[in-house]
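Chains A and B are the protein sequences, given in the same order. The first sequence stops at residue 409 when you use this note's numbering, and every number in between is there. The second sequence stops at residue 1409 when you use this note's numbering, and every number in between is there. We put the beta carbon where it would ideally sit given N, CA and C, even for glycine. Because the structure is a prediction, the values reported are computed rather than measured.
Protein chains: 2
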Amino acid sequence: MCITEVKQNSNHNNNGDGVVKSNANCNNGTVHDAFISLDRGDPKMYYMYWKNVDDKCSVTIKASDLMSYFADHDEGGVFYQLPEFSKAVHRIHNVVGNAVTKGRYIIGGTGSSQLFTVTLAALASRINSCNQIKNKRRIPVVCAQPYYSCYEEALEEEKSEIYQWRGDANKFNEEGPYIEVVTTPNNPDGRLREAVVKKKGGVVICDLAYYWPQYTPITAPADYDVMLFTLSKATGHAGSRVGWAIVKDKEIALRMIKLMSLVTIGTCHEGQLRATTILDFVSDNYEQHLPNGKLVVEHQEGFFEFSHRVLAERWKRLRAVVNRCGIFKLPDYSPEICTFMNKSTPPNPAYAWMELKTGEDAEKVMNKLKIRTRAGPRFGVSSKYVRVSMMESDETFNQFLERLSTLQD
Amino acid sequence: MCITEVKQNSNHNNNGDGVVKSNANCNNGTVHDAFISLDRGDPKMYYMYWKNVDDKCSVTIKASDLMSYFADHDEGGVFYQLPEFSKAVHRIHNVVGNAVTKGRYIIGGTGSSQLFTVTLAALASRINSCNQIKNKRRIPVVCAQPYYSCYEEALEEEKSEIYQWRGDANKFNEEGPYIEVVTTPNNPDGRLREAVVKKKGGVVICDLAYYWPQYTPITAPADYDVMLFTLSKATGHAGSRVGWAIVKDKEIALRMIKLMSLVTIGTCHEGQLRATTILDFVSDNYEQHLPNGKLVVEHQEGFFEFSHRVLAERWKRLRAVVNRCGIFKLPDYSPEICTFMNKSTPPNPAYAWMELKTGEDAEKVMNKLKIRTRAGPRFGVSSKYVRVSMMESDETFNQFLERLSTLQD
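Structural data, given as structure tokens:
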């Protein structure tokens, strides 16, 4: 999720619905004339689940609560971080089985976007100090294409003196240190990934925003040196701007905490408290029903089954429409056993990565249908591709399918 | 407030009290053997006020609240910002009369620390694009000494390619564009300030974190192109990490919003909601008692009178101890009519800027008393100075005076 056009963002209403109600391009105000936005990753589909448990999972903060800069006073703790937040993060990963957290540092950030640049800065400064580089060069940052559009946009705008966006990892063949970002499952195309450069002197940041059971089968706990997660895509609470890094190396963790203290003096404590409540609510729900660590399928529909069901249904419907129209094609994904769901399931990615079968400008085709999507070039690839969010509200998703259905081969 | 030593932060307990309860340097565990910390600007004195109104000013957030990235859907709004937050900021400045906000953009950040670098980046990139500089140089950033220690530390660590910390504004005599930071009242020394460079091509960022009636008489609404404020020092809610910029120029405002969207996709919505509640509570209290915009002194003690009274009493007691001991000297401040308090009052700065009368190492003197302070060199001046927080808990402040009293001339 990345927002670079301020004006685009303002044409947008508030109730989990992506339909633009007032739009300068829309003269008669009917829904069919208005653009619908599926270009961003705003996770509105989750609203339906959380609305049903509104009062069971609320947070009350009194006037004198959470006032200090300091939230954790234990030796070795992250000073700005509520200890219960760190515990909730360990716990949810244990319940889901999607990441190794034992003995690792949990470092919260203002979304995983902040942690992405803070991690790059910590790694780049360590690389420079380890190599005692006299004529400092900017450490190349690469990611295999198609790559998440905001990596490039954030780094180009940030203008760091110590690292630099260098694009597609497949084309990278320089000697010396570099940082490779591995997004798995990948945004935009939902594929599972591994590092591709594999050269001496490289370090990897693993962006696991979408490694949750609703999007992809969990096959093993992820175990990388630096892993990034975000509440936005885990539970759908994007407004909280809560992300976390799971970091193996103490020195890197301390550099990151120092950077967090200088850049924003940590993160919002109210957001941490909210995230703790939300994550613990999900964990509670499953721990009650997980004898021997296995999901018992008979219990009431929990958060991940709800989300998995909604996405699986949407993917089924989208594939039917796409096949009928014959204009676009979608990636195929193989089912695997999900250790959390305890069954075989295909991936149901958060985005549909749609490729035009013939013709060169997929965005133009979508624009004609008044569907806003994100075009291939922003992900480092051809304009034959667009990324479409699968996480919008029911109303927006239904309109998307309706409009797409009007396409004829 | 700035935290650069991770280990320092962990020796700290949680109840608004700066006394270290467990400390490796403290063998017998008595309070007098433990270090007390007055080096940071954690605004703990405000806890006493807010504790009394805990339930009158609380916030409840349900499971489905504040989920979207988008909080403001109006054309021209800041997409990530609750409209009620922007209104609360306009309102508090109108009530207090400390800043012009009419027709200005209110841009929230994760504390004013984030807004500081975001503003620098927006100004520097505009300067570069206006001047069509081919061989880009890093725009110098200066501030008259003694300057807030975190400006230098954050910029040195951030390693931007487009701006660069260049220290004391008084020594700056280069031609060409530059950015001057004007902190008024100043951190660390409480002085009112204006820009000192005044050359062609310069732009000013005004840090007004302490321009509130508890710290200094409000003499007129501040009216600068870019002004920064923070909830931490306005009401004492440091953990919320809520700051705001008041920006005159549309292009700068849009650049800042774009940067905010790329760096952290805005700010935590829970923190914004909390800040709104806190600011509106203070405004409510005064608007009820302000016929014709004047403060009626008979009404129940409001937030600013409480804070002003506590700081004024502390300054009186500190001056008595300092005069008696004869080792240090403190700055003198002249009283002025405060338009908000409707009376003449001297400034009661958030920090005591203490200068050793003889000798060179003020921090060493304080360390012998087991008082942690922040030394002059971090503010760009001699080690004869230390900065001491006046905003700690009662208990810590009393111990500070007790220990200081043991000094003999």
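- In the structure shown, B/D1054 adopts helical secondary structure according to DSSP, grouped into three states.
- In terms of Cα proximity to A/I127, the closest of A/S113, A/I162, A/A99 and A/L228 is A/I162.
- A Cβ of chain B is located within less than 8 Å of the beta carbon of A/G266.
- Among the residues of chain B, those whose CB is under 8 Å from the CB of A/A154 are L1262 and V1263, following chain order.
- Within chain A, no residue has its beta carbon less than 7 Å from that of B/F1304; the closest one is some 16 Å off.
- With a minimum length of 4 residues, the unbroken runs of alpha helix (DSSP H) contained wholly in the segment 38 to 84 of chain A fall at 47 to 51.
- Between the alpha carbons of A/R274 and B/E1270 lies a gap of roughly 8 Å.
- A direct Cα-Cα distance of roughly 10 Å separates A/F328 from A/W353.
- Put simply, of A/G103, A/N94, A/I61 and A/S37 the residue whose alpha carbon is nearest the alpha carbon of A/V282 is A/N94.
- Nearest neighbour of A/T183 by Cα position, chosen from A/Y210, A/G167, A/E395 and A/I218, turns out to be A/Y210.
- In summary, A/C130 is exposed, with fewer than 16 beta-carbon neighbours lying within 10 Å of its beta-carbon over all protein chains present.
- No Cβ of chain A is located within less than 8 Å of the beta carbon of B/A1209.
- Beta-bridge partners of B/T1345 (DSSP): B/E1336.
- Within the same chain, and ignoring the five residues on either side of B/T1219 in sequence, the residues whose Cβ sits closer than 8 Å to its Cβ are E1336, I1337, C1338 and T1339.
- Within 8 Å of the CB of B/C1150, the CB atoms of chain A belong to L262, in sequence order along the chain.
- Between the beta-carbon of B/I1265 and that of A/G111 there is about 5 Å, and that keeps the pair under the 8 Å contact cut.
- Residues L1401 of the same chain have their beta carbon placed closer than 8 Å to that of B/R1317, with the five preceding and five following residues left out of the count.
- Bounds of any beta strand (DSSP E) do not take in B/I1218, whose DSSP letter is neither H nor E.
- The residue from B/S1232, B/S1334 and B/L1038 with its alpha-carbon nearest to that of B/S1393 is B/L1038.
- Using a CB distance below 9 Å, the part of the segment 39 to 56 of chain A facing chain B consists of R40, G41, D42, P43, K44, Y46, Y47, M48, Y49, W50, K51, N52, V53, D54, D55 and K56, ordered along the chain.
- By the 16-neighbour rule on beta-carbons within 10 angstroms, B/A1238 is buried.
- The beta carbons of A/Y215 and A/P347 sit about 7 Å from each other, so the pair counts as a contact at 8 Å.
- Within the segment 228 to 242 of chain A, G236, H237, A238, G239, S240 and R241 place their CB atoms closer than 7 Å to a CB of chain B, listed in sequence order.
- Cα atoms of B/Y1105 and B/K1250: separation of roughly 8 Å, rounded to the nearest angstrom.
- With contact defined as three or more Cβ pairs closer than 8 Å, the segment 185 to 192 of chain A and the segment 1185 to 1200 of chain B are not in contact.
- Look at A/R91: its C-beta is not under 8 Å from any C-beta on chain B.
- At a cut-off of 8 Å, the C-beta of B/R1166 has no neighbouring C-beta in chain A.
- As a beta-bridge residue in DSSP terms, A/W353 pairs with A/R387.
- Among the CB atoms of chain A, one or more fall inside 8 Å of the CB of B/L1259.
- Taking B/E1084 as reference, the option from B/S1344, B/N1323 and B/L1279 with the minimal CA-CA separation is B/L1279.
- Note that the C-beta distance between A/F35 and A/R372 is below 8 Å.
- When secondary structure is reduced to three states using DSSP, B/F1328 falls in the strand class.
- A distance of 8 Å or more separates the beta carbons of A/M260 and A/T119.
- Closer than 8 Å to the CB of B/M1256 there is not a single CB belonging to chain A.
- For B/S1113, the closest Cβ of chain A is nearer than 8 Å.
- Contacts with chain B at 8 Å (Cβ-Cβ) do not include A/M390.
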